[in-house]
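Right, one structure below, let's go through it.
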Amino acid sequence: MPQIINGGRWAENRLRHLRQLLEQSTDEDERRRIEHEIEQLKPEAGFGRRLLRLFVPGMK
Numbered sequence: 055m056p057q058i059i060n061g062g063r064w065a066e067n068r069l070r071h072l073r074q075l076l077e078q079s080t081d082e083d084e085r086r087r088i089e090h091e092i093e094q095l096k097p098e099a100g101f102g103r104r105l106l107r108l109f110v111p112g113m114k
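Heads up, the sequence shown is in the numbering used here, so the first residue is 55 and it goes up one at a time.
Below, the structure written as structure tokens:
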């Protein structure tokens, strides 16, 4: 049975993983690729929280 994927949570988990890789990496090319992917994911990770704030009063 297929599972429902929470895109915002997936993006937050991916960002956390990429930041860990960035801390561990010493190769400049790999660091640039990771930083590029982080920049692409930032808007996606924030969207879920903004949407939730619309529906949950008092959430910051």
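Where a beta carbon is used, it is the ideal one built from N, C-alpha and C, also for glycine.
Element boundaries [alpha helix (DSSP H), containing residue i]
i	result
residue 67	61 to 78
With 16 other Cβ atoms within 10 Å as the buried cut-off, status of residue i
i	result
residue 108	Because the pLDDT of residue 108 is 49, which lies under 50, any placement of that residue in the model is unreliable, and the number read from its coordinates should be weighed accordingly. With fewer than 16 Cβ atoms within 10 Å of its Cβ, residue 108 is classed as exposed.
residue 106	Caution is warranted here: a pLDDT of 49 is assigned to residue 106, below 50, making its placement in the model unreliable, and no coordinate value can be reported.
Contact belief for residue i with residue j at Cβ below 8 Å, rounded distance in angstroms
i	j	result
residue 85	residue 76	6 Å
residue 92	residue 79	With 8 Å as the limit, residue 92 and residue 79 do not qualify as a contact, their Cβ atoms being about 12 Å apart.
For residue i, the three-state DSSP class (helix, strand or coil)
i	result
residue 94	helix
residue 58	coil
residue 108	Because the pLDDT of residue 108 is 49, which lies under 50, any placement of that residue in the model is unreliable, and the number read from its coordinates should be weighed accordingly. Note: residue 108 maps to helix in three-state DSSP.
residue 113	Annotation note: pLDDT 46 at residue 113 (below 50); position unreliable, coordinate value reported separately. Coil, per DSSP.
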